[in-house]
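Residue numbers (this note's numbering): 11 to 300. C-beta: ideal position from N, C-alpha, C; glycine also. Please read these numbers as outputs of a predicted model, since none were measured by experiment. Below is one structure; the comments refer to it alone.
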Amino acid sequence: MKTPVTVLGLGAMGTALARAFLAAGHPTTVWNRTPGRSPELDELGVTRAATVADALAVSPLIVVCLLNDDSVRTTLAPAATELSDRTLVNLTNGTPAQARRTADWAAQQGAEYLDGGIMAVPVMIGGPAAFILYSGSEVAFERHQAALAELARPQYVGSDPGFAALHDLALLSGMYGMVGGAAHALALVSSEKISPTAFTNDLLIPWLTAMLGTLSQIAADLEYGAAPGAAGSNLAMQATAYVNLIDASVDQGVDPAMVTPMGELLDRTVAEGHGDEDLAAIVRLLRKVS
Ligand code: FVH
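Written as structure tokens, this is what we have:
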């Protein structure tokens, strides 16, 4: 028999997780604060627990996917004694500090702890593009890796329980930078009679795709250092051109709120003497190291 699994939380993501476990043949018990949520799971054979304690009692593997850290703590605390000898996998979005605190608390209850960062939206769960980052107990990860693989490709990023959250938030930073930049780009073109769809499909996506290749170079410069004068697109030049991006936005009636901070960072980096360097200098500035 496949490992029985409990899923706490039947929001959009928890429901997708429970559905994937059920589809893979795992006996699946669920609990949700608001009872009766996601009725479609009933015909897939889910078991609904009346209380959190009941839900924890029946499975060695407990997956929690709630709104935030507060909801995880208030949900688990009253049933803490049921966590002994369980593996607690917390896929709720949170900070590294929250993950480390929950790991300490879980250890006090006699549970193994894995923190996770889901790199997918609900519809991707169980599909090939989804992956989930895990950190914390390596023993627990190896024991339950096959079950966790039913949800998404599992990627273990270290024994520090905070590392999954750190990687998750770093990846989300990259995503929000991209969608924020795209939102500003679309505001600019739609200030004229330009098709947002054609602009996005014919120009924006190919451009961003081509620029993705530069990220590896920035990372390598950061890690190993760039040769002096090696910057192909030096920051002083970029800071000068960036002013046009702000001015044109204002001229077109577009709020520059999304793009102004990057201009300020470019200016600061140049002012601190790094105008002949590439974008790795901005990373150093953000990390406040010289
Ligand atoms: N959905 C997504 O695209 C992203 C993908 C990446 C990972 N995130 C994180 O996953 C967590 C859950 O997200 P979700 O999409 O399932 O969120 P909702 O559909 O809003 O469901 C929220 C569930 O949390 C329950 N809940 C809220 N507050 C409490 C509380 N105080 N005590 C107990 N449970 C609580 C809520 O229950 P109910 O409202 O139905 O009673 C839902 O089950 C999240 O960390 C994302 O950042 C999703």
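Per DSSP, the bridge partner or partners of residue i
{"i": "residue 100", "result": "74 and 125"}
{"i": "residue 142", "result": "128 and 164"}
{"i": "residue 133", "result": "Looking at the DSSP assignment, residue 133 forms no beta bridge with any residue, so it has no partner."}
{"i": "residue 41", "result": "18"}
{"i": "residue 57", "result": "39"}
Continuous alpha helix (DSSP H) stretch holding residue i: start and end
{"i": "residue 227", "result": "215–234"}
{"i": "residue 31", "result": "22–33"}
{"i": "residue 189", "result": "173–199"}
{"i": "residue 279", "result": "270–279"}
{"i": "residue 292", "result": "290–296"}
{"i": "residue 106", "result": "106–118"}
{"i": "residue 254", "result": "245–261"}
{"i": "residue 152", "result": "148–158"}
{"i": "residue 86", "result": "79–86"}
{"i": "residue 267", "result": "Counting along the chain, residue 267 falls outside any alpha helix (DSSP H), and DSSP gives it neither H nor E."}
{"i": "residue 66", "result": "62–67"}
Candidates the options, of which the one nearest residue i by Cα
{"i": "residue 194", "options": "134, 231 and 265", "result": "265"}
{"i": "residue 249", "options": "285, 87, 260 and 261", "result": "285"}
{"i": "residue 80", "options": "103, 90, 73 and 59", "result": "103"}
{"i": "residue 276", "options": "296, 257 and 260", "result": "296"}
{"i": "residue 244", "options": "88, 90, 287 and 63", "result": "287"}
{"i": "residue 247", "options": "225, 141, 232 and 289", "result": "289"}
{"i": "residue 139", "options": "147, 155, 121 and 161", "result": "161"}
{"i": "residue 107", "options": "97, 146, 120 and 70", "result": "146"}
Beta-carbon proximity check, residue i vs residue j, cutoff 8 Å
{"i": "residue 27", "j": "residue 48", "result": "no"}
{"i": "residue 58", "j": "residue 73", "result": "no"}
{"i": "residue 109", "j": "residue 24", "result": "no"}
{"i": "residue 93", "j": "residue 116", "result": "yes"}
{"i": "residue 123", "j": "residue 113", "result": "yes"}
{"i": "residue 29", "j": "residue 66", "result": "no"}
{"i": "residue 149", "j": "residue 126", "result": "no"}
{"i": "residue 44", "j": "residue 62", "result": "no"}
{"i": "residue 218", "j": "residue 188", "result": "yes"}
{"i": "residue 252", "j": "residue 273", "result": "yes"}
{"i": "residue 159", "j": "residue 13", "result": "no"}
Cβ separation of residue i and residue j, assumed to be a contact under 8 Å, to the nearest whole Å
{"i": "residue 75", "j": "residue 15", "result": "The Cβ separation is near 12 Å, so there is no contact."}
{"i": "residue 33", "j": "residue 136", "result": "7 Å"}
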